[in-house]
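Here the sequence shown stands for residues 15 to 94, numbered as in this note's numbering.
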Amino acid sequence: MLAHYAIPIDKDALNTRASNLLKAELRRAGVGYAELCQRLAIIGVNESYKGVANKINRGTFSFVFFMQCMKVLDVKEVRL
């Protein structure tokens, strides 16, 4: 069973998946990057528009950032 986890994971594919997942939640909420920045600022996450756009487009954000985004988008459940 552990051998399954020894298979290398394509980081680029996972970054793309993370990016697409967050973008889909933004679309569902009808929220763009500018509004996301404003909502994040309310909870103390101060990111520039460009910084947020770059993170999301690259898919290289932390899980903490993802959870902060889900919080401000009021997303209760995410399907992988």
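All C-beta atoms in this analysis are idealised placements derived from N, C-alpha and C, irrespective of residue type, glycine included. All of these numbers come straight from a predicted model, not from anything done at the bench.
- With contacts defined as CB atoms closer than 8 Å, Tyr47 and Ala67 qualify as a contacting pair.
- Cα atoms of Asp26 and Met81: separation of roughly 21 Å, rounded to the nearest angstrom.
- Under the three-state reduction of DSSP, Glu39 is assigned to helix.
- Taking the CA atoms as reference points, Lys85 sits about 28 Å from Asp24.
- Counting along the chain, Arg72 sits inside the alpha helix (DSSP H) bounded by residues Tyr63 to Arg72.
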